Amino acid sequence: MENIMNEFGFSIPQNITVGRGTLGKLGEAAKKLGGTHAFIISGPHLDKMGLVARAEGYLEDAGIKADAYTDIEANPSVTTVEKATEAFRASGADFIVAFGGGSPMDVAKAVGVVAKYGGSITDYEGAHKVPGKIVPLIAIPTTAGTGSEVTAFSVITDHSRDYKLTVFSYELLPAYAILDAQLLTTAPAGVAAACGIDAFIHAEEAYISTAASPFSDAMAEKAMELIGGNIRRFVANRTDIEAAEAMLTGSLFAGIAFSYARLGNVHAMSHPVSAFFDVPHGVANAVLLPVIAEYNALADHGKYIKIYNYISKIPAYADEFEPEMLADAIRELCASIGIPKNLTEAVNNACKNGEISREQIEEKIPAMAADAMKSGNIAVNPRASRQSDIEALYMKAL
Numbered sequence: 244m245e246n247i248m249n250e251f252g253f254s255i256p257q258n259i260t261v262g263r264g265t266l267g268k269l270g271e272a273a274k275k276l277g278g279t280h281a282f283i284i285s286g287p288h289l290d291k292m293g294l295v296a297r298a299e300g301y302l303e304d305a306g307i308k309a310d311a312y313t314d315i316e317a318n319p320s321v322t323t324v325e326k327a328t329e330a331f332r333a334s335g336a337d338f339i340v341a342f343g344g345g346s347p348m349d350v351a352k353a354v355g356v357v358a359k360y361g362g363s364i365t366d367y368e369g370a371h372k373v374p375g376k377i378v379p380l381i382a383i384p385t386t387a388g389t390g391s392e393v394t395a396f397s398v399i400t401d402h403s404r405d406y407k408l409t410v411f412s413y414e415l416l417p418a419y420a421i422l423d424a425q426l427l428t429t430a431p432a433g434v435a436a437a438c439g440i441d442a443f444i445h446a447e448e449a450y451i452s453t454a455a456s457p458f459s460d461a462m463a464e465k466a467m468e469l470i471g472g473n474i475r476r477f478v479a480n481r482t483d484i485e486a487a488e489a490m491l492t493g494s495l496f497a498g499i500a501f502s503y504a505r506l507g508n509v510h511a512m513s514h515p516v517s518a519f520f521d522v523p524h525g526v527a528n529a530v531l532l533p534v535i536a537e538y539n540a541l542a543d544h545g546k547y548i549k550i551y552n553y554i555s556k557i558p559a560y561a562d563e564f565e566p567e568m569l570a571d572a573i574r575e576l577c578a579s580i581g582i583p584k585n586l587t588e589a590v591n592n593a594c595k596n597g598e599i600s601r602e603q604i605e606e607k608i609p610a611m612a613a614d615a616m617k618s619g620n621i622a623v624n625p626r627a628s629r630q631s632d633i634e635a636l637y638m639k640a641l
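Sequential numbering from 244 applies to the sequence shown in this note's numbering.
Right under this line is the structure:
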């Protein structure tokens, strides 16, 4: 049977530096960008650790003024974007440094849009609504991770409708990305696990997406090899610098893969979980992944065995492999790095105001499924899905 290849194209219009100690090249990157005054967007944790001050020091050594805004929460909101934009405008800065995990990066991209073109970030929701170049960005990830330093997405929570909106535009791509694995070594084990499995899922979903191409497959395969072979080591010991470098590079390649191939049901369904219950994004993805891997097994055309062999400690061979085996391998990996067993446990771990019953979560499922169906990722999931299918998958994940 003839294999018909879809038409595909790609462009990597960014300058990316990977290596230990490369945070020290921040001033050099800023000068190449033509910047004179930096606005660093980061989180309170990195600020307390003195890393934001270190970044400011590198900029000042290069003769570049620096201001910082570090009040970024997990699953950042529209209000946070408004406050950060106001602070950026007041500072008089001419470029932004996104420093941290996915949350500061999402906010930095959103600020880059709103500071340049006005309005609210909600005005740019959807695909290709950003009219042109945004405020120039340098991205420095401190988790492995979202891959946000190489993606054209910003995801912001709109609490007025319990909804995670996505802005998608290639104008959001940071001009420079600096990946220094030494910045990962202080991450708590839970953060390393949630971010690491998120990066793996970026690669896995891009790999089986109906929009995949030989280019995105190459990126996804290398990402899964690096992450699958190192995530256990990295969660066990974040100062294992070899594992940290592999995770950070794997996250980078996974980000490139899904920028071109999109994602699937896991991400479409995890965003409502985070919006309704404030579950960390990576954890929401991880508890949904085995359930959706079982669902998508029916559509497998030979890729499941490759994914299995990237994460399983015991390799499988074609004559003995069944696609359903992948879900078991995912459950074993998630259990080994401390991911909650199911959606009910994940919601309760994130809850700050007493226990949430299974019935209370079930009540929200129709609304969550309706929101999930609005995601463009559903359209490229390998197995077609209606809202009733999404509701059933949520029920199974409970």
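For glycine and all other residues, C-beta sits at the position ideal for the given N, C-alpha and C. Quick caveat: nothing in here was measured; it's all calculated off a predicted structure.
Residue(s) in a DSSP beta bridge with residue i
i    : result
D401 : Y406
V373 : Looking at the DSSP assignment, V373 forms no beta bridge with any residue, so it has no partner.
P384 : G343
F331 : None; F331 has no bridge partner.
V261 : L422
S320 : T400
F338 : A281
F411 : A370, F396
Cβ distance (whole Å) where residue i is taken to contact residue j below 8 Å
i    : j    : result
T428 : T482 : 5 Å
T385 : F342 : 7 Å
L302 : A281 : 5 Å
A387 : L491 : 4 Å
F443 : I470 : 5 Å
T328 : V295 : Rounded, the Cβ-Cβ distance is 19 Å, inconsistent with contact.
I421 : K275 : Actually they do not touch by this definition, with Cβ atoms about 12 Å apart.
F520 : A593 : 6 Å
E634 : P609 : 6 Å
A559 : I548 : 6 Å
F564 : Y503 : Not confirmed; about 28 Å, so no contact.
V530 : A640 : 6 Å
S456 : N591 : Incorrect: roughly 40 Å between the Cβ atoms, too far for contact.
Bounding residues of the beta strand (DSSP E) (the contiguous stretch that carries residue i)
i    : result
K308 : 308-312
L422 : 419-422
A281 : 280-284
CB contact flag (residue i, residue j, <8 Å)
i    : j    : result
A486 : N258 : no
G270 : I307 : yes
Y367 : V350 : no
A454 : A497 : no
D632 : Y406 : no
V373 : F396 : no
V534 : P583 : no
I557 : G507 : no
F539 : R626 : Per the sequence presented here, residue 539 reads as Asn, with Phe not at that position. Yes, they are a contact pair.
E299 : A309 : yes
L415 : I377 : yes
L495 : V509 : no
I554 : L576 : yes
A536 : I573 : yes
G619 : R505 : yes
A489 : A449 : no
T323 : P287 : no
S213 : P319 : Residue 213 is absent from the structure shown; the chain starts at 244 and stops at 641.
A424 : R263 : yes
A358 : R332 : yes
A511 : I440 : no
V321 : S363 : yes
Start and end residues, alpha helix (DSSP H) containing residue i
i    : result
N539 : 524-539
N591 : 586-593
T492 : 484-504
M467 : 457-471
P287 : 287-291
K617 : Note, K617: premise wrong, no alpha helix (DSSP H); not H, not E.
E514 : For the sequence presented, residue 514 should be read as His rather than Glu. Its alpha helix (DSSP H) spans residues 508-520.
V295 : 294-304
F443 : 432-451
K549 : 547-554
E271 : 269-276
L569 : 568-579
V478 : 474-479
I633 : 630-640
Residue-chain proximity (residue i, chain C), Cβ-Cβ < 8 Å
i    : result
F396 : Of the protein chains in the structure, only one exists, and it is not chain C.
Margin query: Is it the case that the stretch 505-522 contacts the stretch 325-341, given that we only count it when at least three CB pairs across the two stretches are under 8 Å?
Written below: A contact is defined here as three or more CB-CB pairs under 8 Å, and the stretch 325-341 fails this definition with respect to the stretch 505-522.
Check: Touch check for the stretch 431-438 and the stretch 469-478: three-plus C-beta pairs under 8 Å?
Finding: Because the criterion of three Cβ pairs below 8 Å is met, the stretch 431-438 and the stretch 469-478 touch.
Next item on the list: Mind the definition here: the stretch 557-569 touches the stretch 597-615 only if three or more C-beta pairs lie below 8 Å; say whether that holds.
Entry: Inter-segment contact for the stretch 557-569 and the stretch 597-615 is absent: fewer than three beta-carbon pairs are separated by less than 8 Å.
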